[in-house]
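Number of protein chains: 2
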Amino acid sequence: MLKSNGRRNTKQRQAVLAAVRELGNHPTAEQVYEVVRKQLPGTSISTVYRNLGILSEQGMLRTVTGLGREVHYDHNTGVHSHVKCSSCGRICDVMLRREDMPRLTEEWLCGYILEGISINFIGKCPECAEREEIR
Amino acid sequence: MLKSNGRRNTKQRQAVLAAVRELGNHPTAEQVYEVVRKQLPGTSISTVYRNLGILSEQGMLRTVTGLGREVHYDHNTGVHSHVKCSSCGRICDVMLRREDMPRLTEEWLCGYILEGISINFIGKCPECAEREEIR
DNA sequence: TAATATATTAGGAATAGTTCCTATTACTGA
DNA sequence: TCAGTAATAGGAACTATTCCTAATATATTA
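Those protein sequence lines, which keep their order, are chains A and B. Take 72 as the starting number for the first sequence in the working numbering and just add one per residue. Take 72 as the starting number for the second sequence in the working numbering and just add one per residue.
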């Protein structure tokens, strides 16, 4: 819970979390902002960024980086990867399990103590593949 | 070769490629710029960016994204991954081979036609791990 | 070697995404 | 209900990168 960390439960924070969950498909900060503004018109983009950061820090959201310039936010905080369409940018979950992850030897990691693995796929989504083939 | 694509072989372009090779450890555009300026003081940062782009396009360099906000450039264009230190930012090659890659089923990929996989590791390099433990 | 066509350049403006700053507001616990 | 302080709006600042334009340099051709 937020309060245990000295955080307050403001309506802006609630709206940001709700927007990420409602949008579902890995929205960017800008997309969250659009939705939040409908409910709380006065909300500023910096408030959205601040709350996305705090909610991620508290483990209520997950940040998804490495899929382009923008950071995406995911309400699904479990272990999984993503595939992004190189045409339309749509992002889809890839349910890699631990045993499907690459097997690593210590020597490959140059002595680094591993903290995280990020696996991103890029491809063409079915819709874009079809549309682009027709032309 | 560059010329077969209507490209010219300018001294700035040569210097950019040489700098990436010389630096070795996955430099950013800014780091390449620093080195190039020593040899060709008048060179502008936009020339560095343009040439990094062209050289990557020609397959003479590889761009490494997903390790942070900046793009890194790699003179090693073969198949491999990277591990980045969460403290000092140092990047090291990880020699994952194809058979160590995750095995994917079509269903996981939501029907996307796969174009690329990017696997990034984050960790603590031996030096940072030791230094931070002492304190 | 000289002339020509055009790819490339320097320099700076512009852009996108994000973070930072400050005075004001509004939660929360007492 | 009040005090303490986390959070806010609004905008400035920042960072990495791309875009623009007139001038320059390279490669081809004569």
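Each residue gets a CB set at the ideal place from its N, CA and C atoms; glycine is no exception. Computed from a prediction, not measured in an experiment: that's the story for all the values here.
In this structure, DSSP gives residue 185/B an extended state, which the three-state scheme calls strand. Taking 9 Å as the CB threshold, residue 200/B lines the interface with chain A. Here residue 159/A carries a coil assignment [DSSP, helix/strand/coil]. Ranked by Cα distance from residue 76/A, the options 130/A, 120/A, 138/A and 97/A are led by 130/A. Contact between the region 99-115 of chain A and the region 136-153 of chain A is present, with at least three C-beta pairs closer than 8 Å. The beta carbon of residue 197/B sits closer than 9 Å to some beta carbon of chain A. Remark: fewer than three beta-carbon pairs, one from each stretch, lie closer than 8 Å, so the region 122-137 of chain A and the region 168-180 of chain A are not flagged as touching. Taking a cut-off of 8 Å on C-beta distances, the region 158-167 of chain B does not touch the region 149-168 of chain A, as fewer than three cross pairs fall below it. Taken through DSSP and simplified to helix, strand or coil, residue 194/A comes out as strand.
As computed with DSSP, residue 152/B is found in a beta bridge with 165/B.
A Cβ-Cβ separation of about 10 Å leaves residue 119/A out of contact with residue 91/A under the 8 Å criterion.
Close CB contacts of residue 152/A within its chain, under the 6 Å cut and outside five residues either way in sequence, are with 165, 167 and 190 (chain order). Taking a beta-carbon distance threshold of 9 Å, residue 150/A does not count as an interface residue toward chain B. Distance from the Cα of residue 148/A is smallest, within the candidate group 114/A, 78/A, 95/A and 80/A, for 95/A. Here DSSP, grouped into helix, strand and coil, assigns residue 135/B to strand. Within the same chain, Cβ atoms closer than 6 Å to the Cβ of residue 194/B are found at 154, the five residues on either side in sequence being excluded.
For residue 156/B, the C-beta contacts it makes with chain A under 7 Å involve 183, in order along the chain. For residue 184/A, the closest C-alpha among the options 136/B, 137/B, 199/B and 79/B is that of 199/B.
Boundaries of the alpha helix (DSSP H) around residue 127/B: 116-128.
Taking residue 114/B as the centre and dropping the five residues before and after it, the same chain places the C-beta of 83, 86, 104, 107 and 108 closer than 8 Å to its C-beta, in chain order. In this structure, residue 197/B keeps its C-beta atom at 9 Å or more from the C-beta atom of residue 172/A.
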